[in-house]
Amino acid sequence: GESVGLHLPTLSVQEGDNSIINCAYSNSASDYFIWYKQESGKGPQFIIDIRSNMDKRQGQRVTVLLNKTVKHLSLQIAATQPGDSAVYFCAENYNQGGKLIFGQGTELSVKP
Amino acid sequence: EAQVTQNPRYLITVTGKKLTVTCSQNMNHEYMSWYRQDPGLGLRQIYYSMNVEVTDKGDVPEGYKVSRKEKRNFPLILESPSPNQTSLYFCASSWTSGSYDNEQFFGPGTRLTVL
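Residue numbers (this note's numbering), protein chains in the order written: chain A, 1 to 112; chain B, 1001 to 1115.
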């Protein structure tokens, strides 16, 4: 069936470098995408979202890029800090319905 | 403090013994949802509710029931738990679903073990 997946299950970066976390989605009808951060022992936390009528959206130190042609979503974190170490999930939604489909997650590890 | 609370946080039970995991939010959110999280499978949606008395199945509803009699509460019921329902469960809420900057707040999680 339709699913959201990630290219890389783990990512290790040096403190201060930029991080890029990728996500592939297969449901071309999905029109809303969200990135979540989950720290160890905690529930997921909303980071940023984007609708399908946009290609890019920026937040504080984070940017989400959406490429609908290849059904690809990415999260860029600028100047990665140790506090950014966590598992990052992408999720997709269709037509403001209640269903939310999550990817498997990418673990980001930041080396000091 | 705006939050989603879940109880209990940890539960060990035996096969077939009915249990309820409570979820409550104090933000007057219309949308609430339950997820389970398993290693290698990420978060999977069990049930969601768009508003009071409105519930619908997610991707993995088998073996679970929910109710939404009032806006703040959304309990998850396991009528006859089985070992394959051993998992980490999260409840979440938001104003609505699928809208911009519609932050979904997650509870702290309930670790359930079914023996």
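Cβ atoms here follow ideal geometry from the backbone N, Cα and C, with glycine treated the same way.
Looking at the unbroken beta strand (DSSP E) that takes in residue i, where does it start and where does it end?
{"i": "Tyr1010 of chain B", "result": "1010-1013"}
{"i": "Phe1090 of chain B", "result": "1087-1094"}
{"i": "Asp1055 of chain B", "result": "Looking at the sequence provided, one finds Thr at residue 1055 of chain B rather than Asp. 1054-1057 is the span of the beta strand (DSSP E), which, as asked, contains Thr1055 of chain B."}
{"i": "Asp84 of chain A", "result": "Neither: Asp84 of chain A is in no beta strand (DSSP E) and is coded neither H nor E."}
{"i": "Met1032 of chain B", "result": "1031-1038"}
{"i": "Leu108 of chain A", "result": "106-111"}
{"i": "Gln38 of chain A", "result": "32-38"}
{"i": "Gln1119 of chain B", "result": "The requested residue 1119 of chain B is not part of the displayed model; chain B covers only 1001 to 1115."}
{"i": "Asp49 of chain A", "result": "45-51"}
{"i": "Val62 of chain A", "result": "62-67"}
When you compare only the Cα positions, how much space is there between residue i and residue j?
{"i": "Ser1067 of chain B", "j": "Met1050 of chain B", "result": "12 Å"}
{"i": "Tyr1047 of chain B", "j": "Phe102 of chain A", "result": "14 Å"}
{"i": "Leu6 of chain A", "j": "Pro44 of chain A", "result": "Bear in mind that a pLDDT of 42 at Leu6 of chain A, under 50, signals an unreliable position, so the number given afterwards is only what the model happens to contain. Between Leu6 of chain A and Pro44 of chain A, the C-alpha separation is close to 17 Å."}
{"i": "Gly1 of chain A", "j": "Ser1080 of chain B", "result": "Here the model assigns Gly1 of chain A a pLDDT of 35, short of 50, so the residue's position is not dependable, and the following value carries that caveat. About 28 Å."}
{"i": "Asn1007 of chain B", "j": "Cys1023 of chain B", "result": "7 Å"}
{"i": "Tyr1089 of chain B", "j": "Val1052 of chain B", "result": "21 Å"}
{"i": "Gln1037 of chain B", "j": "Thr69 of chain A", "result": "30 Å"}
{"i": "Asp119 of chain A", "j": "Ile20 of chain A", "result": "Coverage of chain A is limited to positions 1 through 112, which leaves residue 119 of chain A absent and any answer about it impossible."}
{"i": "Asp84 of chain A", "j": "Gln76 of chain A", "result": "12 Å"}
{"i": "Glu1001 of chain B", "j": "Glu1103 of chain B", "result": "16 Å"}
{"i": "Val1014 of chain B", "j": "Ser1082 of chain B", "result": "8 Å"}
{"i": "Ser52 of chain A", "j": "Lys37 of chain A", "result": "21 Å"}
{"i": "Tyr32 of chain A", "j": "Glu39 of chain A", "result": "23 Å"}
{"i": "Gly86 of chain A", "j": "Leu108 of chain A", "result": "Looking at the sequence shown, residue 86 of chain A is not Gly but Ala. Going from the Cα of Ala86 of chain A to the Cα of Leu108 of chain A covers about 5 Å."}
{"i": "Phe1074 of chain B", "j": "Ile47 of chain A", "result": "24 Å"}
{"i": "Gly1042 of chain B", "j": "Thr80 of chain A", "result": "24 Å"}
{"i": "Thr10 of chain A", "j": "Cys23 of chain A", "result": "13 Å"}
{"i": "Ala78 of chain A", "j": "Trp35 of chain A", "result": "15 Å"}
{"i": "Tyr1064 of chain B", "j": "Leu66 of chain A", "result": "35 Å"}
Got a sec? Which residues, its chain only, sit under 6 Å from residue i by beta carbon, not counting five neighbours each side?
{"i": "Ser1093 of chain B", "result": "Val1004, Gln1025, His1029, Met1032, Phe1105"}
{"i": "Gly1016 of chain B", "result": "Ser1080"}
{"i": "Ser114 of chain A", "result": "Nothing can be reported for residue 114 of chain A: it is not among the residues displayed for chain A, which extend from 1 to 112."}
{"i": "Leu8 of chain A", "result": "For Leu8 of chain A, the pLDDT reaches just 47, beneath the cut-off of 50, and the residue's location in the model is therefore unreliable, although a value from the coordinates is still provided. Within the same chain, Leu8 of chain A has close Cβ partners Thr106."}
Might you give, ordered along the chain, the residues of its own chain that have their beta carbon closer than 8 Å to the beta carbon of residue i, omitting 5 neighbours on each side?
{"i": "Arg1009 of chain B", "result": "Pro1108, Gly1109, Thr1110, Arg1111"}
{"i": "Lys1071 of chain B", "result": "Asn1028, His1029, Glu1030, Asn1051, Val1052"}
{"i": "Pro82 of chain A", "result": "Glu15, Val110, Pro112"}
{"i": "Asp1056 of chain B", "result": "Tyr1047, Tyr1048, Ser1049, Met1050"}
Among residues of its own chain, excluding the 5 on either side of residue i, which ones have a beta-carbon nearer than 7 Å to its beta-carbon?
{"i": "Lys71 of chain A", "result": "Ala24, Tyr25, Ser26, Ser28"}
Discussion item. Would the stretch 12-20 of chain A count as touching the stretch 47-60 of chain A if we require 3 or more Cβ pairs under 8 Å?
Written reply: No: fewer than three Cβ pairs fall under 8 Å.
Worksheet entry | Interfacial residues, the stretch 1048-1073 of chain B to chain A, with Cβ spacing under 8 Å | Tyr1048, Ser1049, Met1050, Asp1056, Gly1058, Asp1059
Discussion item. Please identify, using Cβ separations under 9 Å, the residues of the stretch 88-110 of chain A that lie next to chain B, in order along the chain.
Written reply: Within the stretch 88-110 of chain A, the residues whose Cβ lies closer than 9 Å to some Cβ of chain B are Phe89, Ala91, Asn93, Tyr94, Asn95, Gln96, Gly97, Gly98, Lys99, Leu100, Ile101, Phe102, Gly103, Gln104, Gly105, listed in chain order.
Item to complete: Please list the residues of the stretch 1004-1024 of chain B that have a C-beta atom closer than 7 Å to any C-beta atom in chain A, keeping them in chain order.
Response: Here the close residues number zero.
Worksheet entry | Residues from the stretch 70-82 of chain A in contact with chain B, defined by Cβ distance under 7 Å | none
Practice prompt. Mind checking the stretch 1073-1086 of chain B against chain A and listing, in chain order, the residues whose C-beta falls within less than 8 Å of any C-beta there?
Written response: Of all residues in the stretch 1073-1086 of chain B, none has a Cβ within less than 8 Å of some Cβ in chain A.
Worksheet item: Going along the stretch 15-47 of chain A in order, which residues come within less than 9 Å of chain C, judged by CB to CB distance?
Response: Going by chain labels, chain C is absent from the structure shown, which instead holds the protein chains A and B.
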